[in-house]
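Just so you know, we're using the working numbering here: the sequence shown kicks off at 387 and counts up by one.
Ideal Cβ placement from N, Cα and C applies to all residues, glycine included.
In this text the structure is predicted, and so the values were computed from the model without any measurement.
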Amino acid sequence: MTIAGKLNYRFDQVGSYLRPENLKQARAAYDEGKITHEELLAVQHTEIKKLVDKQVAVGLQAVTDGEFNRSWWHLDFLGQLGGFEFYDQEDSYKFHGEKTRSTNIRLNGKVHANLEHPFFKDFQYLQSIVPEGVEPKQTIPSPSLIINRDHRSDLWSEYYATWEDFLDDLALAYHDTLQHFYDLGARYIQLDDTTWGYLIAQLNANADNAAARAQFEKTAQDDVYVINKALAGLPSDLKLSTHVCRGNFKSTYLFEGGYEAVAKYLGQLNYDAFFLEYDNDRSGGFEPLKDIYNGRNNVAIVLGLLTSKSADLEKVDDVVARINEAAKFVPKSQLALSTQCGFSSTEEGNILTIPDQWKKLALIKRIADEQFV
Numbered sequence: 387m388t389i390a391g392k393l394n395y396r397f398d399q400v401g402s403y404l405r406p407e408n409l410k411q412a413r414a415a416y417d418e419g420k421i422t423h424e425e426l427l428a429v430q431h432t433e434i435k436k437l438v439d440k441q442v443a444v445g446l447q448a449v450t451d452g453e454f455n456r457s458w459w460h461l462d463f464l465g466q467l468g469g470f471e472f473y474d475q476e477d478s479y480k481f482h483g484e485k486t487r488s489t490n491i492r493l494n495g496k497v498h499a500n501l502e503h504p505f506f507k508d509f510q511y512l513q514s515i516v517p518e519g520v521e522p523k524q525t526i527p528s529p530s531l532i533i534n535r536d537h538r539s540d541l542w543s544e545y546y547a548t549w550e551d552f553l554d555d556l557a558l559a560y561h562d563t564l565q566h567f568y569d570l571g572a573r574y575i576q577l578d579d580t581t582w583g584y585l586i587a588q589l590n591a592n593a594d595n596a597a598a599r600a601q602f603e604k605t606a607q608d609d610v611y612v613i614n615k616a617l618a619g620l621p622s623d624l625k626l627s628t629h630v631c632r633g634n635f636k637s638t639y640l641f642e643g644g645y646e647a648v649a650k651y652l653g654q655l656n657y658d659a660f661f662l663e664y665d666n667d668r669s670g671g672f673e674p675l676k677d678i679y680n681g682r683n684n685v686a687i688v689l690g691l692l693t694s695k696s697a698d699l700e701k702v703d704d705v706v707a708r709i710n711e712a713a714k715f716v717p718k719s720q721l722a723l724s725t726q727c728g729f730s731s732t733e734e735g736n737i738l739t740i741p742d743q744w745k746k747l748a749l750i751k752r753i754a755d756e757q758f759v
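Below, the structure written as structure tokens:
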């Protein structure tokens, strides 16, 4: 059940999983100073081992640590990258019907790779427990989460003479980070990205405002520049994918709109695979896949046709019909299947149970086995 190109997997998963209750309790106890970091790690490692075993049992050939080492899908990584710090902002992310905690990150110096980043040790633990024939998959947020997003790059002029110098350092920090993961043995890394969902919303909202639209188009161009510069020159056997997300918190979302507004930019990104949300009407139609795929027969499109936001199981015939519809724009040989997002982008998790998430993945495996022979 392989796919043309470097991705290899027709059945894949974005990365995060629902946290078991004892892990949540251990993290809370650590935050309150009731247990040591070593005691937290012991619980974390035990639960990651159980999670890896479950992923292998459900048929995944590439497995993650479920992001069990994180509170947030993005901030835990970004806040420990060289040149950034955590801070408590006055407001928080406003999802539809929910608000997140008020943590954010900001620049506090020149950007550089942190080769002592705790994510490296986390990867090494995952690597040590993955059975032979199964691949450890590392997920990190995209550098685009910093560029003109949520005040994270506002202070650039305090440390750089030009915006371009800042972008170049950001790209280099990511390049060096990805190379270090490779040096530790990583061969499959996914960069998660809500920026394109944000830009879809902004470009659509400003369709009649040329000045505002130009501003967001410049951000999109800067994102392409930084991402491609970060990826350039990495080893050829490193698989690099991205997940384009519209927000995932307690089964709610941030953005909506089809891919039309950003398809030409996604089509320029030098990833091996694109995980794309297609679990509801907010995602639009499949027509933009033609521009995202952009005639690249070494690129995979991973269709997120089944939702991670609900325990409801999709009808097989409906999913198959949508695969066939997508195949009008991308060769079926280049398609794969996943949920539209992870199950727990933050430690709070989506509104379903742990058994529910495994039922969802078992359904995806069944459909992928039948459709991608």
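Candidates ASP579, ARG573, SER514, ARG492, of which the one nearest TRP542 by Cα: As a working note, residue 542 is residue 156 in the sequence shown. Proximity to TRP542 across ASP579, ARG573, SER514, ARG492 peaks at ARG492, based on C-alpha coordinates.
Measure the beta-carbon distance from PHE552 to TYR546 and round it to whole angstroms, keeping in mind my assumption that it falls under 8 Å. Residue numbering aside, residue 552 sits at position 166 when the sequence shown is read from its first letter. Residue numbering aside, residue 546 sits at position 160 when the sequence shown is read from its first letter. Sure, about 4 Å apart at Cβ, within 8 Å.
Comparing alpha-carbon positions, which option in GLN466, ASN684, ASP540, ALA713 lies nearest PHE505? Numbered from 1 along the sequence shown, position 119 holds the residue referred to as residue 505. The shortest Cα separation from PHE505 among GLN466, ASN684, ASP540, ALA713 belongs to GLN466.
Between LEU699 and LYS745, how many whole angstroms is the CB-CB distance? I'm expecting something under 8 Å. Residue numbering aside, residue 699 sits at position 313 when the sequence shown is read from its first letter. Residue numbering aside, residue 745 sits at position 359 when the sequence shown is read from its first letter. With a Cβ gap of about 6 Å, LEU699 and LYS745 count as contacting.
At the level of alpha carbons, what is the spacing between PHE472 and ASN490? Position 86 of the sequence shown, counting from 1, holds the residue named residue 472. Position 104 of the sequence shown, counting from 1, holds the residue named residue 490. If you take the alpha carbons of PHE472 and ASN490, they lie about 6 Å apart.
When DSSP labels each residue in this structure, what does LEU626 get in the three-state scheme? For the purposes of this step, residue 626 is taken as the residue at position 240 of the sequence shown. Here LEU626 sits in strand by DSSP.
Can you give the beta carbon distance from GLY643 to ALA600, rounded, assuming they're within the 8 Å contact cut? In the sequence shown, counting from the first residue as 1, residue 643 sits at position 257. In the sequence shown, counting from the first residue as 1, residue 600 sits at position 214. That pair is no contact at about 19 Å.
Within its chain, find whatever has a CB closer than 7 Å to the CB of SER669; leave out the 5 residues flanking it on each side and keep chain order. In the sequence shown, counting from the first residue as 1, residue 669 sits at position 283. Hits under 7 Å: GLY644, GLU663.
Below 8 Å, can you find three or more Cβ-Cβ pairs linking the segment 519-527 to the segment 447-466? The answer is yes - the segment 447-466 touches the segment 519-527, with three or more Cβ pairs under 8 Å.
Just to confirm before moving on: does the CB-CB distance between VAL688 and TYR679 stay below 8 Å? Here residue 688 refers to the residue found at position 302 of the sequence shown. Here residue 679 refers to the residue found at position 293 of the sequence shown. Result no, Cβ atoms of VAL688 and TYR679 do not sit closer than 8 Å.
Spell out the partners DSSP gives ASP579 in its beta bridges. By 1-based counting over the sequence shown, the position of residue 579 is 193. Under DSSP, ASP579 forms a beta bridge with VAL630.
Secondary structure of GLN757, DSSP reduced to three states: What you label residue 757 is simply residue 371 of the sequence shown in a count that begins at 1. Correct three-state label for GLN757: helix.
Beta carbon of ALA647, beta carbon of LEU585: below 8 Å? Residue 647 sits at position 261 when you count from the first residue of the sequence shown. Residue 585 sits at position 199 when you count from the first residue of the sequence shown. Using a Cβ distance threshold of 8 Å, ALA647 and LEU585 count as a contacting pair.
So, for GLY452: in the same chain, excluding its five sequence neighbours on each side, which residues have a beta-carbon less than 7 Å away from its beta-carbon? By one-based count along the sequence shown, residue 452 stands at place 66. Scanning its chain for C-beta atoms nearer than 7 Å, with the 5 sequence neighbours on each side dropped, one finds around GLY452 the residues SER402, TYR403, ILE434, LEU437, in chain order.
Could you tell me the alpha carbon to alpha carbon distance between LEU723 and ASP578, rounded to whole angstroms? The sequence position of residue 723 within the sequence shown is 337, counting from 1. The sequence position of residue 578 within the sequence shown is 192, counting from 1. Within the model, the alpha-carbon separation for LEU723 versus ASP578 is close to 17 Å.
Quick check on THR525: does DSSP put it in helix, strand or coil? Start at 1 with the first residue of the sequence shown, and residue 525 comes out as number 139. In this structure, THR525 counts as strand in the three-state DSSP scheme.
In the DSSP assignment, what are the bridge partners of PHE661? For the purposes of this step, residue 661 is taken as residue 275 along the sequence shown, with counting starting at 1. Residue pairing of PHE661 in beta bridges, as defined by DSSP: HIS629, VAL688.
Excluding the five sequence neighbours on either side, which residues of its own chain have a C-beta within less than 6 Å of the C-beta of LYS676, listed in chain order? Numbered from 1 along the sequence shown, position 290 holds the residue referred to as residue 676. Only PHE715 meet the Cβ criterion.
Between the Cα of LEU705 and those of GLY690, ALA618, SER694, spot the shortest distance and give me the residue it belongs to. To locate residue 705, count along the sequence shown from 1; it is residue 319. Here residue 705 turns out to be Val, not Leu, going by the sequence shown. Restricting attention to GLY690, ALA618, SER694, the CA atom closest to the CA of VAL705 is found in GLY690.
If contacts are defined as beta-carbon pairs under 8 Å, then LEU361 and THR581 qualify, I think. What distance do you get, rounded to the angstrom? Because residue 361 is not part of the residues shown, which for the chain are 387 to 759, the question remains open.
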